[in-house]
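Just so it is clear: in the sequence shown, position 245 is 236 by the numbering used here, and no numbers are missing.
All residues carry an ideal CB built from backbone N, CA and C; glycine is no exception.
A quick write-up on the structure given underneath.
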Amino acid sequence: MSTKFWVKNLDLMTLPLPIGRYISDVCGLLDTGRRVVHFCASKNSFRAASACLASLCITYRGDVTGAQAAQYFNNIRLEPFRDANLGASSFDLTLEHVCGGFEFAVREGWFDLETFDRKAWEHYQQLPNGDMNWIVPARILAFAGPSDTLVDEQGQEVCHPDLYVKTFSTPDFGVSTVVRLNERRYSPDFFTQHGIRHYDLNFEDGSCPSDEVVKRFFAIVDSSEGAVAVHCKAGLGRTGTLIGLWAMREYGLTAPQFIGWCRLCRPGSILGPQQAYLLEMEAYCHSGRASPHNPQWVKLGSESSIGRWAVFRGA
């Protein structure tokens, strides 16, 4: 028996991997007592992708920790994973980072083969179906920014808000709140007239959020009774960054763990300086976990090159 797993865009190594399908199929074979031989082309990017898939599989089975799974490949030179920018990489995501993030997600119940709907995942991540992915299942969803003109400024196809309203209102999604981080390309009325709250927290594409944006985002997510759907233009950089801050504060995972997990969910997420920003903000977000439901806000100054303020709840 042989199975082929096709992986796209490996030249960028942004982690567009068929994780659910791979783990499901390989775990099924291992459970029958069969030996599995995984082979790939000799190109560095294919070797890294293969090592990643195999490591995630044995991590999921609980045979070893994520760090131990990654160590199996220490004697092989693997291409690091990176963001979706075309320039030089400013942060190399390692196999250990990715496995650590995945291990955390499995422990939190974010990925479970018993409940993971592979067909739905593959369906909704396609552009015509919304280009959306759960980052924290049933809690926070990332999606590409809609437009009421069906095309963006570059003439690229985008989805209409009505598509999202229909999807978000279903029991499988249960989205009660939408947060827009980019410029206005549709009226909030598309959502609000169907009972979905809508908030604007616009900040510059490719940049890091201000203290006020972080403060408002945390308050919006914390007060939401249902799931929160977040988008910027592509639903990658600004979207992943704000979700990462909230997830680090709420669950205590590290910045590299979150970046690894987020890119498994939504390839290409978190760009350029946003990676260093999350690393810088990690300690502050973790400090805010002492009282996760404390409504008081604390603002801490940062003297790093990013020059941002750290904001979190509790102290």
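Check your understanding: Do the region 116 to 133 and the region 265 to 272 meet, that is, are 3 or more Cβ pairs less than 8 Å apart?
Key -> By the Cβ test, the region 116 to 133 is not in contact with the region 265 to 272, since fewer than three Cβ pairs between them sit closer than 8 Å.
Check your understanding: Per DSSP, what kind of secondary structure is V198 in: helix, strand or coil?
Key -> Working through the sequence shown from its first residue, we reach residue 198 at position 207. For the sequence presented, residue 198 should be read as Ser rather than Val. If DSSP states are grouped into helix, strand and coil, S198 belongs with coil.
Exercise for review: For the region 42 to 88, list the beta strand (DSSP E) runs that are entirely contained and at least 3 residues long, ordered along the chain.
Suggested key: Whole beta strand (DSSP E) segments, 3+ residues: zero.
Review point. From C276 to G92, what does the alpha carbon distance come to, in whole angstroms?
Key: Taking the sequence shown and counting its residues from 1, one reaches residue 276 at position 285. Taking the sequence shown and counting its residues from 1, one reaches residue 92 at position 101. Those two C-alpha atoms are separated by around 17 Å.
Exercise for review: Determine the direct distance from the alpha carbon of C18 to that of F72, and round the result to whole angstroms.
Suggested key: Locating residue 72 in the sequence shown gives position 81, where the first residue counts as 1. Locating residue 18 in the sequence shown gives position 27, where the first residue counts as 1. If you take the alpha carbons of F72 and C18, they lie about 24 Å apart.
Practice item. Tell me, please, which residues DSSP counts as bridged to I131. Key: Within the sequence shown, the letter at position 140 stands for residue 131. Paired residues: V127, V219.
Point to revise | Three-state secondary structure (DSSP) of Q117 | key: For this step, residue 117 is matched to residue 126 along the sequence shown. Coil, per DSSP.
Point to revise | Beta-bridge pairing of T168 - partner residues as DSSP gives them | key: Position 177 of the sequence shown, counted from the first residue, corresponds to residue 168. Partner(s): R188, V219.
Practice item. Would you check if the distance between the CB atom of L47 and the CB atom of L255 is smaller than 9 Å? Key: The sequence position of residue 47 within the sequence shown is 56, counting from 1. The sequence position of residue 255 within the sequence shown is 264, counting from 1. With respect to L255, L47 sits close: the two C-beta atoms are nearer than 9 Å.
Review point. What do you get for R68, buried or exposed, if any count of 16 or more other CB atoms within 10 angstroms of its CB means buried?
Key: Start at 1 with the first residue of the sequence shown, and residue 68 comes out as number 77. Answer is exposed; the Cβ neighbour count stays below 16.
Check your understanding: Where do the ends of the alpha helix (DSSP H) carrying Y155 lie?
Key -> Indexing the sequence shown from 1 puts residue 155 at position 164. Residues 152 to 159.
Practice item. Specify the secondary structure class of E105 as computed by DSSP and reduced to three states. Key: Walking along the sequence shown from the start, residue 105 turns up at place 114. It is coil, neither helix nor strand.
Check your understanding: By Cβ distance below 6 Å, which residues in the same chain neighbour H284 in space, the five residues on each side in sequence not counted?
Key -> The sequence position of residue 284 within the sequence shown is 293, counting from 1. The predicted position of H284 is uncertain, since its pLDDT is 38 and thus under 50; no value can be drawn from it.
Exercise for review: Would you check if there are 3 or more beta carbon pairs closer than 8 Å linking the region 196 to 208 to the region 120 to 140?
Suggested key: With the rule of 3 Cβ pairs closer than 8 Å, the region 196 to 208 does not count as touching the region 120 to 140.
Check your understanding: Which value, in whole angstroms, describes the spacing of the CA atoms of V127 and Q145?
Key -> One-based indexing of the sequence shown puts residue 127 at position 136. One-based indexing of the sequence shown puts residue 145 at position 154. Their Cα atoms are separated by approximately 31 Å.
Point to revise | Contacts around N173, its chain only, beta-carbon distance under 8 Å, and the 5 residues preceding and following it disregarded | key: Counting from one through the sequence shown, the residue named residue 173 turns up at place 182. Excluding positions up to five away in sequence, the list reads G136, N193, D196, H222, C223, K224, R229.
Review point. So is A246 buried or exposed if we call it buried at 16+ other beta carbons inside 10 Å?
Key: Walking along the sequence shown from the start, residue 246 turns up at place 255. Buried, by the Cβ-count rule.
Review point. Who does V142 pair with in a DSSP beta bridge?
Key: The residue given as residue 142 occupies position 151 in the sequence shown. As computed with DSSP, V142 is found in a beta bridge with E148.
Exercise for review: Give every residue of the same chain whose Cβ lies closer than 8 Å to the Cβ of D153, excluding the five residues on either side of it in the sequence, and list them in chain order.
Suggested key: As a position in the sequence shown, residue 153 is number 162, starting the count at 1. Only F181 meet the Cβ criterion.
Point to revise | Proximal residues to D2 (C-beta, below 8 Å), its chain only, five neighbours per side dropped | key: Here residue 2 is taken as the residue at index 11 of the sequence shown, counted from 1. Residue placement at D2 is flagged as unreliable, the pLDDT there being 41, under the threshold of 50; the coordinate-derived value follows with that caveat. Excluding sequence neighbours, D2 sits near S36.
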